[in-house]
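*Asks:* I have a structure here, written as structure tokens, and I will follow up with some questions on it.
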Amino acid sequence: MAAEFLLRYDGGDAVGHTMDMRLLGRSLIGVDQAIHRGLWAATHPDIPRGKKHLDIRVQVAAPQAACVEVAGALSGVMGVLPFAYDVATGLGTDYIKHLLSAVILYHGGRKADAQVHMDKMLDIISDAQAR
Numbered sequence: 179m180a181a182e183f184l185l186r187y188d189g190g191d192a193v194g195h196t197m198d199m200r201l202l203g204r205s206l207i208g209v210d211q212a213i214h215r216g217l218w219a220a221t222h223p224d225i226p227r228g229k230k231h232l233d234i235r236v237q238v239a240a241p242q243a244a245c246v247e248v249a250g251a252l253s254g255v256m257g258v259l260p261f262a263y264d265v266a267t268g269l270g271t272d273y274i275k276h277l278l279s280a281v282i283l284y285h286g287g288r289k290a291d292a293q294v295h296m297d298k299m300l301d302i303i304s305d306a307q308a309r
């Protein structure tokens, strides 16, 4: 089971199905970092991350014609035991959705709205630990 997600950019230039390449690149790097940090916090809550990383990759597919949407999925790193990948993807797509929503809302100045998504992330982690 892969945790798949869809990034959709609305408003601004995206109305015309275009986006600044540099800003899109920064955005994708930020999404990658948010997913890795959020999954680390969920799978290793008692271990400071430091320079450690999970053995997963966040991959994206090419944008489709006439839109500014990027499909993505988590995948295991070749040649590495699948434990981290299984744990990370076991949290599911909803965890990724709430993680990215929380990051965007928090940094957009909507901290109360971000907290709702963080609470849902904690619920997903609790449910996964109970299994």
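In case it helps, the working numbering puts the sequence shown at residues 179 to 309.
Here a beta-carbon is modelled for each residue, glycine too, at the ideal position from N, C-alpha and C.
First and last residue of the alpha helix (DSSP H) that includes Ile-282?
*Replies:* 270–285 is the extent of the alpha helix (DSSP H) around Ile-282.
*Asks:* Considering Val-236, what are the terminal residues of the alpha helix (DSSP H) in which it resides?
*Replies:* First-last for Val-236: 234–238, but that is the beta strand (DSSP E), not the alpha helix (DSSP H).
*Asks:* Please state the DSSP three-state secondary structure of Val-246.
*Replies:* Correct three-state label for Val-246: coil.
*Asks:* Could you tell me how far apart the beta carbons of Val-246 and Met-197 are, in whole angstroms, since I believe they sit closer than 8 Å?
*Replies:* The pair is a contact, with the Cβ atoms about 5 Å apart (cut-off 8 Å).
*Asks:* Count the other C-beta atoms from every protein chain shown that fall within 10 angstroms of the C-beta of Gly-194, then say buried if there are 16 or more, exposed otherwise.
*Replies:* Exposed is the call here.
*Asks:* Does DSSP classify Ala-181 as helix, strand or coil?
*Replies:* In this structure, Ala-181 counts as coil in the three-state DSSP scheme.
*Asks:* Between the alpha carbons of Asp-210 and Leu-217, how many angstroms are there, rounded?
*Replies:* Looking at the two C-alpha atoms, the distance is approximately 11 Å.
*Asks:* Work out the CA separation of Val-248 and Ala-240 for me, nearest whole Å.
*Replies:* Straight-line Cα distance between these residues: approximately 7 Å.
*Asks:* With respect to the alpha helix (DSSP H) encompassing Ile-207, which residues constitute its N-terminal and C-terminal limits?
*Replies:* Ile-207 -> alpha helix (DSSP H) spans 199–221.
*Asks:* Along the chain, where does the alpha helix (DSSP H) that runs through Asp-305 open and close?
*Replies:* Taken as a continuous stretch (DSSP letters only), the alpha helix (DSSP H) holding Asp-305 covers 289–308.
*Asks:* For Asp-297 and Asp-272, what's the separation of their Cα atoms in angstroms?
*Replies:* Distance between the alpha carbons of Asp-297 and Asp-272: 12 Å.
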